[in-house]
Structures are given as structure tokens and as C-alpha cells.
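**Student:** First, the structure itself, so that you have it in front of you.
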Amino acid sequence: MAKRLVAKVGEYQKDGQTKGEYQRLGVLMQGNDGGEYMLLDPSINLAGVLIKQNAMAASKGGQLRDTVMISVFSDENQGQQQGGFNQQSHQGFNNQQQNQQQQGGFQNQGGFAPQQQVSQQSNPNDPPF
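To convert, count from 1 in the sequence shown and add 573; that's this note's numbering.
Have a look at this one:
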């Protein structure tokens with residue numbers, strides 16, 4: 574049985590009740606040998622999740638943390654505690670895998686500009702930067 578790994582990253586009001594907004598991080602699975610393993614969504618930035626959790630804590634006067642708090646939900650609890658589950662991120666991991674398969678397994682993640690060749694000749698004794 575798979576269990577969902579989620580992080581609470583915010584709250585919102587619906588029908589006069591405070592609901593939690595959750596970011597899906599992956600799943601916890603049980604292998605054939607009985608051991609547990611995790612499948613984590615590589616598109617999730619844990620630093621961003623931590624920033625959202627700390628912003629939520631700061632708005633309530635709570636303690637700021639240096640670690641991400643992750644909840645584990647079994648599938649039978651899905652409708653009861655989930656509330657504001659982010660449906661967009663729910664589809665993200667599977668869609669990303671499909672896109673990578675169509676692109677030959679690699680995906681441009683961004684973050685760095687492609688290196689351009691410099692036409693100057695450099696001295697071999699110069700530092701590499």
C-alpha cells in the first residue's frame with residue numbers, strides 16, 4: 574500500500590473553516606522484501622517548501638525551522654484530512670515522467686545559462702575561472 578508524503582505549506586478559509594494547503598512530495602512504498610522506500614518528486618524544491626512553512630509559522634508567531642516537516646497519509650485518509658490538497662502538483666510528477674520519456678529522458682531544468690566559447694587564447698598557467 575502506498576502512503577502519500579505531503580508538506581503543509583499554507584492555510585485558507587472555505588465555508589468558514591480553516592483548511593490546509595498541501596504540497597505533494599512523493600510516496601512511501603513497501604517493497605517485496607517488506608522494506609519501505611520513497612519515491613520523491615524531483616520537481617519539488619524543498620527549500621521553497623521550507624520557506625512557505627516558515628512564512629506560515631511566522632504569521633502565527635511560531636518558531637522558524639531549518640528542516641521541512643513532512644506528513645505521511647495512507648490512502649484511506651485521503652478525503653478526511655487533506656482539505657486543500659494542491660491538485661496541480663498531484664499531476665506534476667506523472668506528467669514530468671511522461672515528458673522526460675518523450676524527450677529521451679532528459680529535461681532542461683534551467684538555472685544556468687549555456688556556456689559560450691570565448692575566442693581569446695588563454696594562458697595555460699591562468700586559473701580556470
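Ideal placement from N, C-alpha and C gives every residue a C-beta, glycine not left out.
On a predicted model such as this, the values are computed, not experimentally measured, just so you know.
Helix, strand or coil, according to DSSP, for Q636 in the structure here?
**Tutor:** coil
**Student:** Would you kindly check if the distance between the Cβ of L623 and the Cβ of A631 is under 8 Å?
**Tutor:** no
**Student:** With V600 as the anchor, note down where its beta strand (DSSP E) starts and where it stops.
**Tutor:** From DSSP, the beta strand (DSSP E) with V600 extends over Q590 to Q603.
**Student:** Can you look up M611 in the DSSP assignment and give me helix, strand or coil?
**Tutor:** The answer is strand: DSSP assigns M611 an E or B state.
**Student:** Between D614 and V579, what straight-line distance do the alpha-carbon atoms span, to the nearest angstrom?
**Tutor:** If you take the alpha carbons of D614 and V579, they lie about 11 Å apart.
**Student:** Would L619 and V600 qualify as a contact pair, given that the criterion is a beta-carbon distance under 8 Å?
**Tutor:** With a cutoff of 8 Å on beta-carbon distance, L619 and V600 are scored as not near each other.
**Student:** Roughly how many angstroms separate the alpha carbons of Y595 and D606, rounded to a whole number?
**Tutor:** 31 Å
**Student:** Mapping the DSSP letters down to three states, classify V622 as helix, strand or coil.
**Tutor:** Under the three-state reduction of DSSP, V622 is assigned to helix.
**Student:** Comparing C-alpha positions only, which one of G583, D588 and R577 sits nearest to K633?
**Tutor:** G583
**Student:** Excluding sequence positions up to five away, which residues of its chain have a Cβ less than 8 Å from the Cβ of Q626?
**Tutor:** A580, K581, V582, R638, V641 and M642
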